[in-house]
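Chain order of the listed sequences is Z and W. Residues in the first sequence are numbered consecutively from 1, following our numbering. Residues in the second sequence are numbered consecutively from 322, following our numbering. From the three backbone atoms N, C-alpha and C, an ideal C-beta is built for every residue, glycine too. Note that this is a predicted model, so its numbers are computed, not measured.
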Amino acid sequence: MNCQDISKLIYQYCDGEVSPEENANISQHLDFCPYCQYICELTMLENEVLRDKDDIPHLSPAFTSLVMSSLQSPDNNNTKNRFSRFNRKVWLSSMTTVAAVVALFLYLPHPSFFDLNIPLYNNASIHEQSSSNPSIAYDSQTLAGHSNLTDSSKSVDSKDTTPVAPPIIIKTAPVPDNLLNQSLFIATTESSAEIKPTVTLDSSRSIYYDRATESSSISLRPQNIPDRLNFVQTNNYENKTVFDYTSIDGKECLQITLVPYIEPTSGSKTEIKPPEQDPLTVTKDIQIADEKITVIFSGNLPMEEMTILADTIQFPDTPSN
Amino acid sequence: MQTDEMLTAQTLRGEVSAFEELINRYKNSVFAIIYRMTGQYQEAEDISQEVFITVYQKLYQFDNTKKFAPWIHRIAINTCISALRKKNKVALLTFDESFLNQHQGEESFNYGNPDIVLERSELRSEIRAALNELPSSYRSVLVLRYQLDLNNQEIADTLGLNKENVEVKIHRARKALRKILVHKWEERGMRYELPGY
Numbered sequence: 001m002n003c004q005d006i007s008k009l010i011y012q013y014c015d016g017e018v019s020p021e022e023n024a025n026i027s028q029h030l031d032f033c034p035y036c037q038y039i040c041e042l043t044m045l046e047n048e049v050l051r052d053k054d055d056i057p058h059l060s061p062a063f064t065s066l067v068m069s070s071l072q073s074p075d076n077n078n079t080k081n082r083f084s085r086f087n088r089k090v091w092l093s094s095m096t097t098v099a100a101v102v103a104l105f106l107y108l109p110h111p112s113f114f115d116l117n118i119p120l121y122n123n124a125s126i127h128e129q130s131s132s133n134p135s136i137a138y139d140s141q142t143l144a145g146h147s148n149l150t151d152s153s154k155s156v157d158s159k160d161t162t163p164v165a166p167p168i169i170i171k172t173a174p175v176p177d178n179l180l181n182q183s184l185f186i187a188t189t190e191s192s193a194e195i196k197p198t199v200t201l202d203s204s205r206s207i208y209y210d211r212a213t214e215s216s217s218i219s220l221r222p223q224n225i226p227d228r229l230n231f232v233q234t235n236n237y238e239n240k241t242v243f244d245y246t247s248i249d250g251k252e253c254l255q256i257t258l259v260p261y262i263e264p265t266s267g268s269k270t271e272i273k274p275p276e277q278d279p280l281t282v283t284k285d286i287q288i289a290d291e292k293i294t295v296i297f298s299g300n301l302p303m304e305e306m307t308i309l310a311d312t313i314q315f316p317d318t319p320s321n
Numbered sequence: 322m323q324t325d326e327m328l329t330a331q332t333l334r335g336e337v338s339a340f341e342e343l344i345n346r347y348k349n350s351v352f353a354i355i356y357r358m359t360g361q362y363q364e365a366e367d368i369s370q371e372v373f374i375t376v377y378q379k380l381y382q383f384d385n386t387k388k389f390a391p392w393i394h395r396i397a398i399n400t401c402i403s404a405l406r407k408k409n410k411v412a413l414l415t416f417d418e419s420f421l422n423q424h425q426g427e428e429s430f431n432y433g434n435p436d437i438v439l440e441r442s443e444l445r446s447e448i449r450a451a452l453n454e455l456p457s458s459y460r461s462v463l464v465l466r467y468q469l470d471l472n473n474q475e476i477a478d479t480l481g482l483n484k485e486n487v488e489v490k491i492h493r494a495r496k497a498l499r500k501i502l503v504h505k506w507e508e509r510g511m512r513y514e515l516p517g518y
């Protein structure tokens, strides 16, 4: 190595980023070259200055509260802009879903099939309906949650703006040719069995047929959520779906994550992480028809309540306990 | 302990305390970046506040599958550069050769033969002053590397570059710093040397 080679590598050398071989060669050269020793020492001094944090003054202790107060200030024009953008998005989304509802009701041959009086976006109402007439509640809920119908219901009934958890799709089944000309249908036990005879279906099971992709799917949505928790949002990832709930005061939160079941264990099991861990997480494997999924509950609900919730969670396609 | 990503999700659900926690976690690193870029306490504090307000407003754009730290540090650097530009304090230079080209031909110095020997503390002050003269694009990459101790990949994530580009840019920034230093000494008729030589 000559001085020119060293000058190319000197910064990496001083940062400890050269290979052991280069390191040995550079060190050897430095032993007899005062010019490169000088450059190396200057570089090390520059490093010291670059890394030095002693001259950075301490931030005011009130900094956090200053930021928080400016965020909550009504004069924050930027915040207004954010919400106006948000409202514009919501408005466009609502208009789209309203259009979808109108188109759907015009297309369906027997719109009276749906019991529209059932409130679909209130957990307590769903429980009441489920206990009095589970079949109707399941069908309506599943249908409403599908393909923007839930949001449409919300848009039509502007008095209750509580969002509702949309269902997730857990699987698809091949659709027989004689059903391909339908855009949407509700499967009865018989027609569902026709689609996939190996599946033991509940009478209330809903199947959605997507004409564009020529596939059918089964929709799911968590039930039994405590009434005080409202649905916030759902996020769909490649292998999981996450439902977020929060209490009105924002102090309690619950996340329900659905992932494919992969552990080679049999039967249902509940796992609880040690209570000192924050947040508390409860994991439960659930059988839904012929599918098994793992449901992960996490949040800051009391451990007892979280465990009960994990043991009693239901989905529209879960056989009633 | 909750992750940054959990806190961002909670903030989006309206939990103010979660955002407060995020501020407490990142205020020092954000302030350090901005203070190093501006060199003035009050200005750095004001811009840091602006950064957190921007983060709060844009939180809905944050991809929760990615790391929060590079995202907020990127906002800090961009907000800072933008604020400095408004005050005409920053040359509109990007990561290119233009800065280095201004100081071409300064490689040939008579090293090791000092006319004046600087004390080590003086030399540190000289280096610090030279650092403040660097274009903001160079300064930001050096701050991320040496003040926040980020590796090349983390810097790449923060600045939206690829890892190889970061390596090149750090090297160029270091060379630019050296050239400013040498140029200053040359202007004063000095040859530079460390004590002991």
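- Counting only Cβ-Cβ distances below 9 Å, Z:S60 has contacts in chain W at E366, in chain order.
- Within the same chain, Cβ atoms closer than 7 Å to the Cβ of Z:K240 are found at T257, L258 and V259, the five residues on either side in sequence being excluded.
- Counting of Cβ neighbours within 10 angstroms places W:R441 among the exposed residues, the total staying below 16.
- Here the alpha carbons of W:Y459 and W:A397 stand approximately 15 Å from one another.
- Straight across, the Cα-Cα distance linking W:V464 with W:A353 is about 8 Å.
- For Z:P20, the enclosing alpha helix (DSSP H) stretches over residues P20 to F32.
- Shown here for W:A339: same chain residues with a beta carbon closer than 7 Å to its own, the five before and five after excluded, namely L328, Q331 and T332 in chain order.
- Residues of chain Z with a Cβ closer than 7 Å to the Cβ of W:H492 are, in chain order, Y11.
- Using a CB distance cut-off of 8 Å, W:Q370 counts as an interface residue toward chain Z.
- Within chain W, no C-beta atom comes less than 7 Å from the C-beta of Z:L280; the nearest is roughly 12 Å away.
- The C-beta separation of Z:T43 from Z:I10 comes to about 5 Å, placing the pair in contact by the 8 Å criterion.
- By the criterion of at least three beta-carbon pairs nearer than 8 Å, the segment 12-20 of chain Z is not in contact with the segment 496-509 of chain W.
- Any Cβ of chain Z closer than 8 Å to the Cβ of W:K484 would place that residue at the interface, and such an atom is absent.
- Counting only residues of its own chain and dropping the five nearest sequence neighbours on each side, Z:T246 has a CB closer than 8 Å to the CB of L229, N230, V232, E252, C253 and L254.
- In the displayed model, W:S369 falls within a helix according to three-state DSSP.
- Around the beta carbon of Z:Y13, 16 or more other beta carbons lie within 10 angstroms, which makes this residue buried.
- Within the DSSP secondary-structure output, Z:L229 pairs in a beta bridge with Z:S247.
- Contact annotation, W:M358 with W:S461: C-beta distance approximately 7 Å; criterion of less than 8 Å satisfied.
- In terms of beta-carbon proximity, W:Q468 lines the interface with chain Z, with at least one pair separated by less than 8 Å.
- Where Z:P260 is concerned, there is no enclosing alpha helix (DSSP H), although the beta strand (DSSP E) around it starts and stops at C253 to P260.
- Sequence-ordered contacts of the segment 300-311 of chain Z with chain W are nonexistent [C-beta pairs closer than 7 Å].
- Around Z:E22, no beta-carbon contact reaches into chain W at under 8 Å, the shortest distance being about 15 Å.
- A distance of 8 Å or more separates the beta carbons of Z:V49 and W:R466.
- Taken through DSSP and simplified to helix, strand or coil, W:L405 comes out as helix.
- In the structure shown, the three-state DSSP call for Z:K284 is strand.
- Following the DSSP letters along the chain, one finds Z:F315 in no alpha helix (DSSP H), marked with neither H nor E.
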